[in-house]
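Chemist:
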Amino acid sequence: MTTKLMGQGVQRVEDQRFLRGQGRYVDDVAVGPATLHAAVLRSPHAHARIVDIDVDAVLDLEGVHAVWTHDDLTGPMAEPLPLLIPHPALTHGRTQYALAKDEVNYAGEAVAFVVAEDRYVAEDALDRIRVTYDVLPPVVGIDAARAADRLVHEDVPGNVGARMEQQTGDAQAAIAKAPHRLELDLTVERSACTPMEGRGTVARWDPDLNRMQVWTSTQSSTGVRAVVAVKLELDLGQVDVITPDVGGGFGVKINHPWPEELLVPLAARALGRTVKFTEDRREHFISSAHERGQVHHVEVGFDDDGRLLGLDVAFWHDHGAYTPYGLIVPIITSTQLLGPYKPEVYRVVFESVYTNTVMVTPYRGAGRPQGCFVMERTMDAIAEYLGKDRAEVRATNFIQPDEFPYDQGLIFQDGRELEYDSGDYPASLEKIKALVGWDEFPAFQKEMAAVGRRVGIGLACYVEGTGVGPYEGAHVHIETTGKVKVATGLTTQGQGHATVFAQLVADELGVRLEDVEVVTGDTRRMPYAVGTFASRAAVMSGSAIHLAARRAKEKVLKIAAEALEASEEDLEIVDGVVSVKGSPGSSLDLGTVSVLSNPLRYAFDEASKAATQFSVGDPGKPPVPEDEEPGLEGRDFYSPERATFASGMHAVIVETDPETAEITILKYAVVHDCGKLINPMIVEGQIHGGVAQGVAGALYERMAYDENGQLQNASFMDFLMPYVTEVPDGIDIDHLETPSPLNPLGIKGAGEAGVIPSAAVFAAAIEDAERLSIPGLAITAMPISPSELFHLRQSHPSQEHTA
Amino acid sequence: MSEELHDVRLSVNGASYDVRVPGRRLLSDALRHDLGLTGTHVGCEHGVCGACTVLLDGAPVRACLMFAVSAQGQEITTVEGLARPDGTLSNVQQAFVECHGLQCGFCTPGFLTTITAGLRANPTPTHEECREMVAGNLCRCTGYQNIVRAVERAAELGLDTPSLVPREGSSTNEETP
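Quick mapping for you: the protein sequence lines, in order, are chains X and U.
If you count by my numbering, then the first sequence holds residues 2 to 804, one letter each, in order.
If you count by my numbering, then the second sequence holds residues 169 to 345, one letter each, in order.
(1) Classify E768/X as helix, strand or coil using the three-state DSSP reduction.
(2) Give the straight-line distance between the Cα atoms of Q214/X and L235/X, rounded to the nearest whole angstrom.
(3) Using the rule of at least 16 other Cβ atoms within 10 Å of the residue's Cβ for burial, across every protein chain shown, is M783/X buried or exposed?
(4) Using alpha carbons as the reference points, say which of H547/X, V105/X and Q496/X lies closest to L510/X.
(5) Assign D175/U to one of two classes, buried (16 or more other C-beta atoms within 10 Å of its C-beta) or exposed (fewer than that).
(6) By the criterion of Cβ-Cβ separation under 8 angstroms, what are the contact partners of F264/U in chain X?
(7) Between the Cα of K277/X and those of D103/X, V501/X and Y121/X, spot the shortest distance and give me the residue it belongs to.
(8) Along the stretch 203 to 214 of chain U, what residues have a CB closer than 8 angstroms to any CB found in chain X?
(9) Tell me whether G326/U is buried or exposed, calling it buried when 16 or more other Cβ atoms sit within 10 Å of its Cβ.
(10) Rounded to whole angstroms, what's the CA-CA distance from E172/U to V27/X? Just pull it up for me.
(11) Tell me the residue span of the alpha helix (DSSP H) that contains K434/X.
(12) Of all Cβ atoms in chain U, is any one closer than 8 angstroms to the Cβ of G532/X?
(13) Per the DSSP calculation, Q167/X is bridged to which residue(s)?
(14) Under 8 angstroms, Cβ to Cβ, is there at least one residue of chain U near F278/X?
(15) Between E248/U and chain X, is any beta-carbon pair separated by less than 8 angstroms?
(16) Just to check, is the beta-carbon of G215/U closer than 7 angstroms to a non-hydrogen atom of the ligand NAP?
(17) For chain X, is any of its Cβ atoms less than 8 angstroms away from the one on C275/U?
(18) Just verifying my parser: in three-state terms, what is the DSSP assignment at P742/X?
(19) What first and last residue would you give for the alpha helix (DSSP H) that runs through M376/X?
(20) Please look up how many angstroms separate the CB atoms of Y355/X and G162/X, rounded, as I've assumed it's under 8 angstroms.
(21) Per DSSP, Y185/U is paired with what?
(22) To be precise: take each residue of the stretch 225 to 259 of chain U, compare its Cβ to all Cβ atoms of chain X, and keep it if any distance is under 7 angstroms. Which residues remain?
(23) Assuming contact is defined by CB atoms lying nearer than 8 angstroms, are L310/X and A179/X in contact in what I supplied?
(24) For a contact meaning CB atoms closer than 7 angstroms, what does L270/U contact in chain X?
(25) CA-CA distance, D628/X and I332/X?
(26) Taking the CB atoms as reference points, tell me whether A644/X and L328/X lie closer together than 8 angstroms.
(27) Taking only beta-carbon atoms, is Q313/U less than 8 angstroms away from chain X?
(28) Does the Cβ of L610/X have 16 or more other Cβ atoms within 10 Å, making it buried, or fewer, making it exposed?
(29) In this structure, does DSSP put L267/X in helix, strand or coil?
(30) Could you tell me whether the Cβ of A31/X comes closer than 8 angstroms to any Cβ of chain U?
(31) Can you tell me whether E465/X is buried or exposed, with buried defined as 16 or more other CB within 10 angstroms of its CB?
(32) Using a Cβ-Cβ distance cut-off of 8 angstroms, determine whether S184/U contacts chain X.
(33) Please confirm if R200/U has its CB atom under 8 angstroms from at least one CB of chain X.
(34) Measuring only between beta-carbons, confirm whether S716/X sits less than 8 angstroms from chain U.
(35) Determine the direct distance from the alpha carbon of D246/X to that of T347/U, and round the result to whole angstroms.
(36) For A553/X and C675/X, what's the separation of their Cα atoms in angstroms?
Following this line, the structure appears as structure tokens:
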């Protein structure tokens, strides 16, 4: 029997290409002197009216082919970019223009576009454009937005783009009646995805085929295809979008179109040449999207055991200057902050506010890190108030294993009920406690305190809605060589899709892993797709591929049964050979079945010659019977009722330096439940990466805007992205598998989990480390740097005499 | 006004390339766009991320901090030159496969060149030295856990850096863009 590959840590098949320098990222496409290069002039001001743009000095620069401002755009290109996901609560949605019209609303907004022989010349040309601005006072940060003494958009009162409320009952009444009450104010700062490869787009217009071909580093090639068609007034069928290797996405590449994704194809058609735009690092910081910035106010009522009787959360979400991705991020915060818990009554209200800073779209975790921070800080505060063990208070509030499916009574980001499919939170808690040494820690803490060392432990739990719809599709084609070509429309950014999807096909079809080739993100191969985000690829495309392979297998068995004069039930496929069980002499390889599936009479090669000895089909009927198709293919789609819900718990032990307030990670532990594992090696890799990004968000990364809306740390020199020296040396991982009943494989998504509880777990551990020395010290804002911890100590009332 | 151009002979992975470039052309851009060796990636253009690391006479350098004209006369090794002459992966590359040391693969060329040079300087690193060896390169995907394991695994597999000397019998590739 072929060994089942599902669940095995199979080495990645795509690695060979990457390790040999043969990866194909967008900037590696169309290399050579025939390609023109684009550069974008970006606003130096956070808020200004454009009085005049003078491009006269540009055109006499040798090597410049085009310079455009908004005045050069016509038709749909001159209209604002689309608001991708409108929502009734988003009463004042605003999007930018491909090139700014009349005003700019963040430093970095695209103002003019140049195409030249190379990027160096294009940047020279940018220097010659003279823009006259009437500078306006900017709105920077949530406090300034809420104060509303200046407006980002004149026609948006109070800078409030949206206000949304959900509730399961009268939370205020429940809190008022509860035996105990607490209030907390909690803040999370902005950070950003910052993949190693920035954005990039290449386009080529083929006048002979009347087609536009676009390569772009995106998380949704079908989305880009649709918007290019609309904006350039082409039929969808005239546009191909190909997403080759992507050097990381983490959310920022799900937003589309970026101005350049439209301007590059437009230029390619206008100039009749291949045109390329490759974002540089500074551009990525100041013009690609950010996330995370939110301020929260929590009111909670609870009983003597710490059970949540009423929870009322209000928060303010900084969505920057525009809202191209709607309210996805704050809706996720507002719903997912409930985590594995079941408060008796919950109300949440948020306002999404405009600021003169870069727009906000999802970043790995997408609003969940903030929600988790809010809920877990609340749990810690309750435990502290009651003098109870923090794990025990959490356990008191868990949804129990026999309560699934569990309906939280809210509407989730996909417009469906927030109903958890499966899970076992008490089992996870036992595992994480064992893994980190929770029960033994107090003794260790005392021991360390005795020698003047401050160590602390933190625990945080989360639930992650993964595998959201609406659908993904797949196409499986068995070639006459016996090789299997698989296409799915969603894109890949390093998650190992070529391997895990091949594992699923190999299992279902009974072929060898190396005979399966997976293509993602090419609209020519699968034009119907949604995208790679929200930990949905394995669930959505994995399920679709499984179903498509099953369809192909059904056809294999039908044709082979006829050719071998056997019954379909008696056939099996092992290593690409179909045979009658128990009689190994009676067999056909898949390539031959593929030849038989297509009633051509051309003997191209030995395989097709060999196939002619089998007679398939009734000679009294047409060679391709009614309702049949030639070729050995399977195509199917998967569309779930609702999201799956992965879950997990993290724990960390930190040490804080009594003098310098330096924060050192001593141990990091993760318990993770993403349902059935396809490839544990890849899942662990996803956790490792997520934890590193979580550490980054908790301890290092922030977008340091000054009061003028200038980003002060727009380089890797100044933005503290972790090197190996900043991440834990070893992460202890344990898995739990509660299969999802929603899909045929029982899987849930795994991509974002690692990053969700980080701010919460570090806040808890740092607070725990400090409290033996400074009782009552509270960590309420993340990230926290050593200098911030130092000042927090200094400003604490108990420390006033030493300040 | 056209820019002054310079004729430069670049020796890369044992082959010679003649290019005509402006003085300001970065080595990273010359490798990628003039020579078509796109394995060397540009992640930041200010020398911080390490994705563009190539070996210059065996020593790791940031190709985005060098001009192409200043690389003349030195032997450059890029990621394309790391595999053995028979096409099989070098031990460092093989260790990355075994340890799942890459995800999106964008930073990988810079890690491979850095580690290749690092292990040549120190073939038997301690765990801490393995971490230090990669402490100048940024990766956004892996959390570095498996990259450090890959350094340890590569050390275990042994020193193997065939490409650091020009390959015998390799043909000279004269190219003028």
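Backbone N, C-alpha and C define an ideal beta-carbon position, used for all residues, glycine too.
Modeler: So, to answer that:
(1) Translated into the one-based positions of the first sequence, residue 768/X becomes position 767. E768/X: helix per DSSP, three-state reduction.
(2) Locating residue 214/X in the first sequence gives position 213, where the first residue counts as 1. Locating residue 235/X in the first sequence gives position 234, where the first residue counts as 1. The alpha-carbon atoms of Q214/X and L235/X are separated by roughly 12 angstroms.
(3) Translated into positions along the first sequence, residue 783/X becomes position 782. Answer is buried; the Cβ neighbour count reaches 16.
(4) For the purposes of this step, residue 510/X is identified with residue 509 of the first sequence, where counting begins at 1. Comparing Cα positions, the closest option is H547/X.
(5) On the second sequence, residue 175/U is found 7 positions in, with the first residue counted as 1. It counts as exposed.
(6) As a first step, residue 264/U must be located in the second sequence, where it is residue number 96. Chain X residues near F264/U: D16 and L20.
(7) Numbered from 1 along the first sequence, position 276 holds the residue referred to as residue 277/X. When each option's Cα is compared against that of K277/X, the closest is Y121/X.
(8) G204, L205, T206, G207, T208, H209, V210, G211, C212, E213 and H214
(9) For the purposes of this step, residue 326/U is taken as the residue at position 158 of the second sequence. Answer is exposed; the Cβ neighbour count stays below 16.
(10) Here residue 172/U is taken as the residue at index 4 of the second sequence, counted from 1. Here residue 27/X is taken as the residue at index 26 of the first sequence, counted from 1. For E172/U and V27/X, the distance between alpha carbons rounds to 30 angstroms.
(11) For this step, residue 434/X is matched to residue 433 along the first sequence. Counting along the chain, the alpha helix (DSSP H) containing K434/X begins and ends at Y426 to V437.
(12) Residue 532/X sits at position 531 when you count from the first residue of the first sequence. Output row for G532/X: interface = no.
(13) Locating residue 167/X in the first sequence gives position 166, where the first residue counts as 1. In DSSP, Q167/X forms a bridge with V349/X.
(14) On the first sequence, position 277 is the one that residue 278/X refers to. Output row for F278/X: interface = no.
(15) Here residue 248/U refers to the residue found at position 80 when the second sequence is read from its first residue. E248/U counts as touching chain X.
(16) Looking at this structure, you won't find the ligand NAP or any other ligand, since it has none at all.
(17) Locating residue 275/U in the second sequence gives position 107, where the first residue counts as 1. Interface residue, yes.
(18) Here residue 742/X corresponds to residue number 741 of the first sequence, with the count starting at 1. Residue state, collapsed to three classes: coil.
(19) Position 375 of the first sequence, counted from the start, is the residue given in the question as residue 376/X. Its alpha helix (DSSP H) spans residues R369 to L387.
(20) Here residue 355/X refers to the residue found at position 354 when the first sequence is read from its first residue. Here residue 162/X refers to the residue found at position 161 when the first sequence is read from its first residue. Their Cβ separation, rounded to whole angstroms, is 6 angstroms, which keeps Y355/X and G162/X in contact under 8 angstroms.
(21) Locating residue 185/U in the second sequence gives position 17, where the first residue counts as 1. The partner list for Y185/U (beta bridge, DSSP) reads L178/U.
(22) T246, V247, E248, A251 and L257
(23) Counting from 1 along the first sequence, the entry for residue 310/X is found at position 309. Counting from 1 along the first sequence, the entry for residue 179/X is found at position 178. Cβ atoms of L310/X and A179/X: closer than 8 angstroms.
(24) Position 102 of the second sequence, counted from the start, is the residue given in the question as residue 270/U. Those within 7 angstroms of L270/U in chain X are D16 and F19.
(25) Within the first sequence, residue 628/X is the residue found at index 627, counting from 1. Within the first sequence, residue 332/X is the residue found at index 331, counting from 1. Distance between the alpha carbons of D628/X and I332/X is about 45 angstroms.
(26) Stepping through the first sequence from its first residue, residue 644/X is reached at position 643. Stepping through the first sequence from its first residue, residue 328/X is reached at position 327. Their beta carbons are not under 8 angstroms apart, which means A644/X does not touch L328/X by this criterion.
(27) Counting from one through the second sequence, the residue named residue 313/U turns up at place 145. So yes, Q313/U belongs to the interface.
(28) In the first sequence, counting from the first residue as 1, residue 610/X sits at position 609. Correcting the residue type first, residue 610/X is Lys in the shown sequence and not Leu. It counts as exposed.
(29) Against the first sequence, residue 267/X aligns to sequence position 266. Residue state, collapsed to three classes: helix.
(30) Sequence index remark: in the first sequence, residue 31/X carries index 30 (1-based). For A31/X, the answer is no, since every Cβ of chain U falls outside 8 angstroms of its Cβ.
(31) Residue mapping note: residue 465/X aligns to position 464 of the first sequence, counting from 1. Answer is buried; the Cβ neighbour count reaches 16.
(32) Here residue 184/U corresponds to residue number 16 of the second sequence, with the count starting at 1. With 8 angstroms as the cut-off, S184/U does not count as an interface residue toward chain X.
(33) As a first step, residue 200/U is located in the second sequence; it is residue number 32 there, counting from the start. Cβ-Cβ to chain X under 8 angstroms: yes for R200/U.
(34) Position 715 of the first sequence, counted from the start, is the residue given in the question as residue 716/X. Yes, because at least one Cβ of chain U sits closer than 8 angstroms to the Cβ of S716/X.
(35) Any question about residue 347/U goes unanswered here, given that chain U covers just 169 to 345.
(36) Locating residue 553/X in the first sequence gives position 552, where the first residue counts as 1. Locating residue 675/X in the first sequence gives position 674, where the first residue counts as 1. Spanning the two alpha carbons is a distance of roughly 28 angstroms.
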